[in-house]
Every structure is written in C-alpha cells, then in structure tokens.
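Each remark here refers to the structure printed beneath this line.
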Ligand code: HEM
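In my numbering, the protein residues as written are 38 to 256.
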C-alpha cells in the first residue's frame, strides 16, 4: 500500500481544497502562465519536464499544506526497545511496549501555525518554511529526505523508517494536479461543502460519497 493510498488520499484532499479555494487554483494558473509564457487551456498545456514540476512553487505549497492539515497517516508506531523516560515527568515506558506518535496534533497547533486549521498554501512562502526545524537530510538512495523528528509537521514520519517516497510523491501529485487544473475548473457542491474525515480507514480519506463539480476549461 505504500505510495498508492497515501498519494491518492493527498491528491483527493488537495483537489477538494482547490475546489473550495478557486483563488489558489488561479495562483497555480498564473504561475504556469508566467513559466510557459502564455495562457494555458484545456488542450494547450505543455508536458512539463521533471525540472518544471520541481519548480512549480504554488503546487508545491498546495501539496505541503494539504499534508499538514490532512496527513493520510496520523499514527506512527514504534516498539520500545530501551526504556523511554518522558521528559519533565516521572513516567518511563518499559521496553517491549508500543508507542504511537500522532504529529497531526502539532501540525494543527496554533503554537506553530497561525489559523492552524485553515488550508493556506501561501503560508509556506513565508518565514515559517525558513523556520522549519526539520532541516537535516539523509539520502538512502531514493533522493534526499528529512529525517529529523523536530518539525511540527511530519506527514512522512521521521527517523530510520520514515517514508522513502517523499520526493516521488511530490513529483507524482504535482504532475496530477498540473494536468487536472489545466483541464478543469473544480468547485464543491455548495449543499455538501467540505467533507469530514473518515478515521475508520488506516489512510484518512474524506467521508464519502463526496460531490465535486468539474468544468472543462476553455482553450
Ligand atoms: C503523500 C504520499 C505519502 C505519504 C504521506 C507517506 C507517508 C508515510 C509514512 C507516515 C510512513 C511511516 C514512517 C514512519 O513510521 O516514520 C511511510 C513509510 C513508507 N513509505 Fe510512504 N508515504 C507516501 C508516499 C510514498 C511513496 C510514493 C512510496 C514509494 C514509492 C512510499 C514508500 C514508503 C515505504 C517503503 C515506507 C516504509 C519505510 C520503512 O519502514 O523503512 N511512500 N510513508
């Protein structure tokens, strides 16, 4: 399941948020137009190169922000191999137990992000990204990934077993969004609005069925 359901869930949440925020979709269009030097329409958009996709800043922010408030995986499990003392308490977790970390708590905490529950991709343009504490990177042969556990946002986990697919996921999801956004304008069904989260599946999906309207863009 690694790399399928997680990427599909992230793409779905990104599209739903774009449908609810057409101004952000317009920012992506403006970036494409300035990059390719012309207005892009349903049929007339170029196939982007790998470098082009890496350079799409607005799409990058959209994926990053979607992963902040709608990380597909909200529980990271670890087996305790040595007793772990909880800082500033008398508690010690004995070896042999399992612990679960849920970074969505810090990722949606006002202590770290203003309007923390709101989907605001442009927040990643500002100093908040520069202040990101998760700077240490390691390359296990799949592209450099951050491994530190100190960032408040950890949609790909942390440490030795953190996700190896981050770079691939960004390229894949940004490419899908690029194609869909150029072909269609999306909007939410006003009667239903943004769906709630369904916590009953391992990967957190929208509570369905979800109605999202799409209209072919002009050329
Ligand atoms: C948005 C997309 C994705 C998200 C949010 C995601 C998230 C995660 C998370 C939270 C973990 C567990 C990390 C931990 O326990 O610290 C994980 C593990 C893993 N992911 Fe992903 N993932 C994504 C896409 C991918 C892709 C595209 C691939 C492969 C092409 C992939 C391959 C893996 C593998 C192999 C592991 C297990 C690593 C290990 O245990 O050493 N993931 N992922």
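Positions of the beta carbon are idealized from the N, C-alpha and C atoms, including for glycine.
Q. According to DSSP, is residue 241 helix, strand or coil?
A. coil
Q) To which residues does DSSP link residue 138 through a beta bridge? A) 113
Q: Using beta-carbon positions only, say whether residue 62 and residue 53 come within less than 8 Å of one another.
A: no
Q | Proximity of residue 47 and residue 103 at Cβ, strictly below 8 Å | A | yes
**Q.** Sequence ranges, alpha helix (DSSP H) only - wholly within the segment 38-118, length at least 4
**A.** 42-57, 59-73, 87-92 and 94-106
(Q) Could you check if residue 109 belongs to the surroundings of the ligand HEM, using beta carbon to heavy atom distance under 7 Å? (A) yes
Q. By how many angstroms is the C-alpha of residue 51 removed from the C-alpha of residue 250?
A. 14 Å
Q: For residue 234, verify whether its CB is less than 7 Å away from any heavy atom of the ligand HEM.
A: no
Q) Less than 8 Å separating the beta-carbons of residue 218 and residue 65? A) yes
Q) Which whole-angstrom value is the C-beta distance of residue 157 and residue 136, which I expect to be below 8 Å? A) Contact doesn't hold; Cβ gap of about 31 Å is too wide.
Q: Would you tell me roughly how many angstroms separate the C-alpha atoms of residue 132 and residue 239, rounded to the nearest one?
A: 26 Å
Q: Taking only the alpha-carbon atoms, compute the straight-line gap between residue 41 and residue 92 and give it to the nearest angstrom.
A: 24 Å
Q. Does the distance from the CB of residue 222 to the CB of residue 254 come in under 8 Å?
A. yes
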